[in-house]
Structure formats: C-alpha cells, structure tokens
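Beneath this line is the structure, given in structure tokens, with notes to follow.
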Amino acid sequence: MKTSVSTLGSRAAAVAWIAAVGLLGLVPPAAAEEANYGNIKESATGSITIHKHIQNDGTRGTADGQNAVEGGQPVQGVQFTAYPISDIDLTTVEGWSAVTALSADGAIPASACANPSTPTLAGHTINAGSGTASGDTDSQGQATIGGLTVKAYLVCETKTPSDILQKAKPFVVTVPHPNTAPGEEGNWLYDVNVYPKNERIAISKTIDDQRNNGYATGALVKFPVTSTLPALDAGSYYKYFQFKDVMDSRLTDLAVPEVSLGGTALTATTDYEVVVTGQTVTVTFTGAGLTKLKAGAGQEVKAVFQGKVASVGNGVIPNTAQLIADTVYADQPPNPQTPPQTPPGTPLTSPEVRTNWGDLKITKVDAHSLDGGNAGNDGDLEDDPSAPLERLVMPFLMNPRAQAGGKSALKGAEFQIYNAAAPYAASCAGATRTGDPLSVSGQTTLTTDDRGVISIDALFVSDSVTDANRDNQPGATQRCYVLVETKAPAGYVLPAQAETPVTVKVGNTTEDNITIENTKQTVPNLPLTGSLGKILLSAAGAALLLIAAGAVAVSHRRGRRASSL
1 MKTSVSTLGS
11 RAAAVAWIAA
21 VGLLGLVPPA
31 AAEEANYGNI
41 KESATGSITI
51 HKHIQNDGTR
61 GTADGQNAVE
71 GGQPVQGVQF
81 TAYPISDIDL
91 TTVEGWSAVT
101 ALSADGAIPA
111 SACANPSTPT
121 LAGHTINAGS
131 GTASGDTDSQ
141 GQATIGGLTV
151 KAYLVCETKT
161 PSDILQKAKP
171 FVVTVPHPNT
181 APGEEGNWLY
191 DVNVYPKNER
201 IAISKTIDDQ
211 RNNGYATGAL
221 VKFPVTSTLP
231 ALDAGSYYKY
241 FQFKDVMDSR
251 LTDLAVPEVS
261 LGGTALTATT
271 DYEVVVTGQT
281 VTVTFTGAGL
291 TKLKAGAGQE
301 VKAVFQGKVA
311 SVGNGVIPNT
321 AQLIADTVYA
331 DQPPNPQTPP
341 QTPPGTPLTS
351 PEVRTNWGDL
361 KITKVDAHSL
371 DGGNAGNDGD
381 LEDDPSAPLE
391 RLVMPFLMNP
401 RAQAGGKSAL
411 KGAEFQIYNA
421 AAPYAASCAG
431 ATRTGDPLSV
441 SGQTTLTTDD
451 RGVISIDALF
461 VSDSVTDANR
471 DNQPGATQRC
481 YVLVETKAPA
491 GYVLPAQAET
501 PVTVKVGNTT
511 EDNITIENTK
521 QTVPNLPLTG
531 SLGKILLSAA
541 GAALLLIAAG
551 AVAVSHRRGR
561 RASSL
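Given below as structure tokens:
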C-alpha cells in the first residue's frame, strides 16, 4: 500500500464563481444597463467573502452567500488581497462600461498577479499600496476581506501554503455587486461572496518488496515516491518541481535508479538532475522535464530513491519524502530555478514509512571444555593413571587460544544463511530453509575469523507496507532464518544437524546470538610411553629420583652429626 498525503494543488477556476455574473466576477452588459447607478451608496463599505474549495467538488454558490457550496472539500490556509482599480468609478456609466470590458476573454491576463505584491492590469491603474488582505482561509475554506469602499477590485491570491501548487487566477470583483436573486433585481450587494476553486494533488511513498533487493548487509532498500499531476491552466507553468529525500545514515551508496512519467522512463540530465549531498538526495526537473510534466496532466510522476543497508542501530529505518513545486502564470514558460530559489518554508511531506532490520552473531567453538575434561577424542585413556595430566596439558599446548574453564574458538568454519519457509512463524525452532543462500555484503559463504565469529550486521525483519503478495508481515518484530554449516574447521567434523534455525529480532541484540559446536575428528590412540606422554613420565620420574636422592643425602648428614657427639 502506498502511503500518501493530499495537497491542494490550486487550479482555481478561471475566475471566482459569482453566480449572477458567471466568469470573472464582472457585471455583464445587460446587468449594467438595468442597474440603477443612482442607488449606489457612495459612502458605504462592503466586503468580499472567499469560499475556497476543491475543484468540481460540491455545488455552486451564489453571490449573496445564501446558497453556499455544499459537499465541497474546503481549502485552509490561503490568503487573498483586494487591490482597488483606481481609474474605475462605479458611480458613472463609464466606470461600469470599463468593468464590462474586463469581462472579455483575455482582458484580465493570468499573469496580472505574477508578482502579487505589485499586480498589473493593462490600461488600468492598480494602487498596490492600498491592497486589503484577508486572513487565512479557515477550516471551512472561508476568509473575508472587509472595510472595502465602493470600487472595482483586482483580487490576487497572495499567500499560499506549501500544499498549494497553482494559485488562483486573478479576478475582478465590484463592491457593490448587482443582486440577481429572484425578487432582488436592481438591488445591490455590498457583501459579495466568491468561490475560487482548487484541484487536489498527492504525494505517495512506499517501499519496494525486499525480496527484489536482498535480505542482508549490503541489500538495497528502494523507496518509490509518486505524485499524480494536476491539469495546469494554459497560461500556467511550473517554476520548479523537485522530489527530495533525506536518507537515514544507516543507508549508503545513495542513488536514484529510476524517474518516470506515466510509466515511461525519463532521461537523466535531459529531463531531470540528481544531486546527492551527504544523506540528502534531490531530483530536480529541467526545463524540458517541466514541459513534459505540464503536458502529463493526470499521469503519475515517479522517482525511486535507494540506499544499501550498512548497519541497523535500533533496527527501525524511517523514511519520508518531500515535494517542492510551484507554478506561475506567464506568457512563456520561465527558465526553471535549479535548485528552487524560493522553496516553501514547509514543503509538502509524505507520511513516514519504515523498514525494520536486526543483526546476528555466530560463534564457532570446540564442543568440549578446556578445564581438564575431554578436549577432543584423545583415545581410550581412562584406565591409564597419567591420562588426567595429559588431557589437562594437551589442549593448552595445541591451542594457544584456549582459556581455562572456556571453550576453544574455531577459525575457518563456513556457513550460509537462508530464508525460512515460514519466516513469520510464532516460533523459529522448527524452521526449514527455502530458496538460495542469501548474499551478505556480496558473499554467500561466510567464514569464522580468528575469534571463531561471524557477524551479520543487518538482516531484514519487516517493513510498514501492507500491500498483499509481499514477503513481509507489516510491523513484525522478528523473523526466522536458517543457518547452514557447509564446512567444518580443519581437524573437526560437521555436526550431525548442520542446519540451525535462528530468530532475528529488530535492532542490535545479543540474546539470540548463536554458538555452534564442533567435535574433533577421530584419530588413532597415542601410545602411553610415546611422544609427549613418555616425555612427561620421564620428567616426573627424574624429579622423583632427585627428591629421593636429596632425602637420602640429608638423612646421612644428620646421622654423621649424631655419631660424632
């Protein structure tokens, strides 16, 4: 399952919806002729109430606000500013004729608010310093610009949260506005309701099925990020479009192996550029790429971020992605900003996904202790009185790593690790292997070192993605594997059961580390008086003779002293 967050990519309708007016919030000629301009209260003040909702979602509202939008999803956090058009006087026929002229197609260019702090309108004077701003639209998508004198106003969307992709087109509203509700014809509305619309865009993130990318240290983890593109207005162009992913420090060799639009691969450096700075990876679209994005309305744009697992730490590796994009109304596509010069302060961020890993330590030792017990197959010496001495001395002479009371670590044992047939069984005790041996840092055969140890720094446990047909149990805290000894150290034999089920838990753990024993190969018994046994017995005999001779000498000396007294 993809995890997604919705954004409100603003594709406002060409103008505000003012029901009696149709497009552009302007009074058409018929209404202008019927209105009684003498009824306008020149000293009155009015307001513009903005209702911001999702495009094509819900019912149409009316200028008097009596039939508000029903069922539409509101857009929160947008701000508008109304700029007075100084040269239009609404108390004159000429003023209303100028308003009517602005209702013609293209009379209000989409770029009129390209710089919302200094809007322009050809043939008219905009007093930018006298603009009146609304507050942010609330949870109902509403905001009001109050205290407006009798004027025609150019309204611009002047503050846009990071989840808005395309601002509303500029539109003109008159205060007052002719009321065309039944029975109200010829009257004026001083508190006017407008309904600019938006379209929804979303950013989604998931994790590729781990079976495609490996299960152990050095395996890739891939994070596909997608967004379905909205339809931009004809005069609207992308200023920039960028995916950004700050990868966890436990991931190395960061890269973006795939970028596509509608399932068709895009070309690196031609359509987009990838920059890796530390753990931050960005995909920024070029001018050619932005042109393709504008033409790809309704299609899915995708970038796949990846890294290799080097270590596990606490075992949980989180990941989110950001979408940084903006548009502008212009006569021609602008040169893209690379990187974006004015990205939003809080970029649109996907929900978090998590991949979970554990580690495993394997220790290979001699099956027998070194404290005087049987340190191997030393022959049938139980009836020989010198056997305890030989058994005690031999291991220390033959194995310099021997520790009294411990067991000898064995170098050179070879292992392979496999997936378990039932990786998420309640108990791993009966696990059986399946498939091919897993690659660990590029190797499928692992060999114990001088300490008899193999350390696997990372083994996959689970992730947070719930899609079906994945080798995953979402959020599982342990997973079963099977360890297979394929070669015993020199002088030792493989255990009767060479397959060992292991439980790997999320994070660095020592409680489930594995110790595996080997026994020495059978060799012919050593003759008691041969080799080291003979030497030891000879030395012991010589020592006894010296002690006896010394005792005799002392006794004789004492006897002489006694006889001389």
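Everything in the sequence shown is counted per UniProt numbering, starting at 1 for the first residue and increasing by one.
C-beta atoms are modelled at their ideal positions from N, C-alpha and C, and glycine is treated no differently.
Check	Outcome
In DSSP terms, what K294 is bridged to	DSSP, once it has assigned bridges, lists no residue as partnering K294.
Test item: CB-CB of A409 and V465 under 8 Å	no
Buried or exposed by the 16-neighbour rule on C-beta atoms within 10 Å, applied to V276	exposed
Classification of G46 by the beta-carbon crowding that lies within 10 angstroms, buried from 16 upward	buried
Whether P74 touches K41 by CB criterion (8 Å)	no
Cβ distance (whole Å) where T444 is taken to contact Q473 below 8 Å	25 Å between Cβ atoms; not a contact.
For A288, the three-state DSSP class (helix, strand or coil)	helix
Rounded separation between V259 and A107 - CA only	40 Å
Nearest candidate by alpha-carbon position, reference A476, set V504, E485 and W96	V504
E499 versus A420 - alpha carbon distance	11 Å
Classification of S236 by the beta-carbon crowding that lies within 10 angstroms, buried from 16 upward	buried
A458 to Y272 span [Cα, whole Å]	33 Å
Simplified DSSP state of R211, which is helix, strand or coil	helix
Rounded separation between K294 and A234 - CA only	9 Å
Paired residues, beta bridge with Y272 - DSSP	A268 and F285
Sequence-distant residues of the same chain with beta carbon closer than 7 Å to T149, five excluded per side	T45
Cβ neighbour criterion (16 or more within 10 Å) applied to P221	Looking at the sequence provided, one finds Val at residue 221 rather than Pro. Result: buried.
Cutoff 6 Å; reference S111; Cβ partners in own chain excluding five residues on either side	Y329 and A330
Length of the line joining the Cα atoms of H519 and E485	Going by the sequence as given, residue 519 is Thr instead of His. Rounded to whole angstroms, T519 to E485 spans 14 Å at the Cα level.
Among V173, A303, L251 and N212, the one whose alpha carbon lies nearest that of S204	A303
Straight-line Cα distance separating T286 from T270	7 Å
For P318 and D436, the rounded distance between their alpha carbons	29 Å
For V484, three-class secondary structure by DSSP	strand
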